[in-house]
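These notes concern the structure reproduced below.
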Amino acid sequence: MKSNFILFIAVYSLNYIAAQEKNGNINPAEANGVNEIDDSGVLDFDYGSIDYDNIEMYDDEFNDFESPLDANDTEELEDDEFLKEMGMDSYIDTGIQQPEWDPETDANQTSGVDVETDDVLMDNQDSKNSTASSSINECNVVEYVFSDSSVLDNIEVEYCLHNVSPTGSSLELKIDGECGTTLICPEKLVHGKVEGRVKMAPGSGAVTALILMNIETGDEIDLEWVGIDSTTVQSMYFVGGQRVDQEAQNHKASGDMSEGFYNYAIEITPDAINWYVDEVLVRTLENDNSGNFPSSANEVRFGVWNGSAYSEWAGDMGSSPDSAGVFESIKITHYC
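Take the sequence shown: its letters are residues -19 to -1, 1 to 317, numbered as in mature numbering (1 follows the signal peptide of the UniProt record, and there is no 0).
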């Protein structure tokens, strides 16, 4: 018992000194290690002496040490008191399991063995990386709040600039006898969410839109409001310029969407597209890898237009169109 213990302390001490040298806590020129083991069972070090009858595990930082004992040595112990004294209760009756010590690993990170399964546990950093790879992470957020008209300096007006009117608290987009208007944000959204706080344009034939589109591929994801029905917002999508689901899906709001502002959002991930009304998920399109998924829709567009040419869908504005949709803000969140 005593010989095993002395050997254990000697090797433990040498490993401890080596670790302290590596961490810069000991000058290698001064670290001479163990001088001798005398007949009384006392280990003599340059840094002091340790009596095995009164030893304490005084360094909590150095918990992952090289042990001179293997699983077979535990059979030679007269009892388990030695293991308990050394703070190794979890190894009693199971043999000594020796975790690897990585001096580059932060001392606060946990690495060890699951005593119930004997499976090696990931350290904290690996757990964080695993979680990050399997969940949504927001890496950049851009928000255009239209109470500040200067944000329009960064947004392209595709046509009919005269129908774009900052009001001081929001952005009014008009439909007149000539045209409506469309605005384009400069950010390209690969994966993420675009959110708009919108009051739709009222009246038969008026269409308000918040969409993601790729002009080159024809992929498109839409939220659209038609003035003929101001209590419903429609979701639809196109792949390669073709509508996959021929009918749009209709989603009811809690009131008249032409009389107040509501929050709307389109979210695109590798696995699905989600549509939201007032932060409530109203539709999900899953990516089944069939090719019918508008994965390249990446340009944020919003605006109003005269839908009278599609009167069965949107209604008819008549000969003197006059309506306006209002946007308080557009928020673009990029995922990574």
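We put the CB at the ideal spot given by N, CA and C, even for glycine. Note that the structure is predicted; figures quoted are calculated from it, not measured.
For residue i, count the other beta carbons within 10 Å of its own beta carbon; 16 or more makes it buried, fewer makes it exposed. Which is it?
i: D95; result: Here D95 scores only 26 on pLDDT, less than 50, and its place in the model should not be relied on; the value that follows carries that caveat. Counting Cβ neighbours within 10 Å, D95 comes out exposed, since fewer than 16 surround it.
i: E205; result: buried
i: D129; result: exposed
i: R224; result: exposed
i: S211; result: buried
i: L262; result: exposed
i: T148; result: exposed
i: L142; result: exposed
i: S310; result: buried
Which first and last residues belong to the beta strand (DSSP E) in which residue i is found?
i: S146; result: V145 to P147
i: S304; result: S304 to Y316
i: T213; result: T213 to V220
i: A187; result: A187 to M194
i: T265; result: V261 to E267
i: E176; result: G173 to K180
i: C160; result: Unbroken run through C160: none, as it is neither H nor E.
i: A246; result: Y243 to I249
Please confirm if residue i has its CB atom under 8 Å from at least one CB of chain B.
i: I136; result: Note that chain B does not occur in the displayed structure, where there is just one protein chain.
Enumerate in chain order the residues of its own chain whose CB-to-CB distance from residue i is below 6 Å, with the five nearest sequence positions on each side excluded.
i: N231; result: T213 and Q215
i: H315; result: C120, N121 and G173
i: V307; result: S151, E153 and K180
i: D203; result: I192 and M217
What residue range is occupied by the uninterrupted alpha helix (DSSP H) comprising residue i?
i: A295; result: S292 to A295
Residues in its own chain within less than 8 Å of residue i by CB, not counting five upstream and five downstream?
i: N287; result: I156, C160, G161, G186, A187, V188, M298 and P302
i: T250; result: I117, H172 and Y316
i: P167; result: N135, I136 and E137
i: A295; result: S185, G186, A187, V188, V207, G208, I209, G288 and S289
Using only the alpha-carbon positions, how far apart do residue i and residue j sit?
i: I192; j: E201; result: 7 Å
i: E47; j: A246; result: Its pLDDT being 41, under 50, E47 is placed unreliably in this model, and the value from its coordinates should be taken loosely. Roughly 56 Å between the two C-alpha positions.
i: G221; j: S289; result: 25 Å
i: T265; j: D226; result: 13 Å
i: V123; j: V132; result: 11 Å
i: T163; j: F127; result: 15 Å
i: M238; j: S300; result: 24 Å
i: Y257; j: G199; result: 23 Å
i: A305; j: Y140; result: 15 Å
i: E248; j: E240; result: 25 Å
Run through DSSP, which three-state label would residue i get?
i: S128; result: coil
i: N273; result: coil
i: L142; result: helix
i: L133; result: helix
i: D100; result: Per-residue confidence for D100 stands at a pLDDT of 31, beneath the threshold of 50, marking its modelled position as unreliable; no derived number is given.
Less than 7 Å between C-beta atoms, sequence neighbours within five positions excluded: which residues of the same chain meet that for residue i?
i: N244; result: E176, R178, D259 and E260
i: S146; result: E153 and K155
i: A253; result: T265, L266, E267 and N268
i: A229; result: Q215, S216 and M217
i: N273; result: V220 and V225
i: G158; result: S301 and P302
i: N195; result: S277, A278, N279 and E280
i: K233; result: T212 and T213
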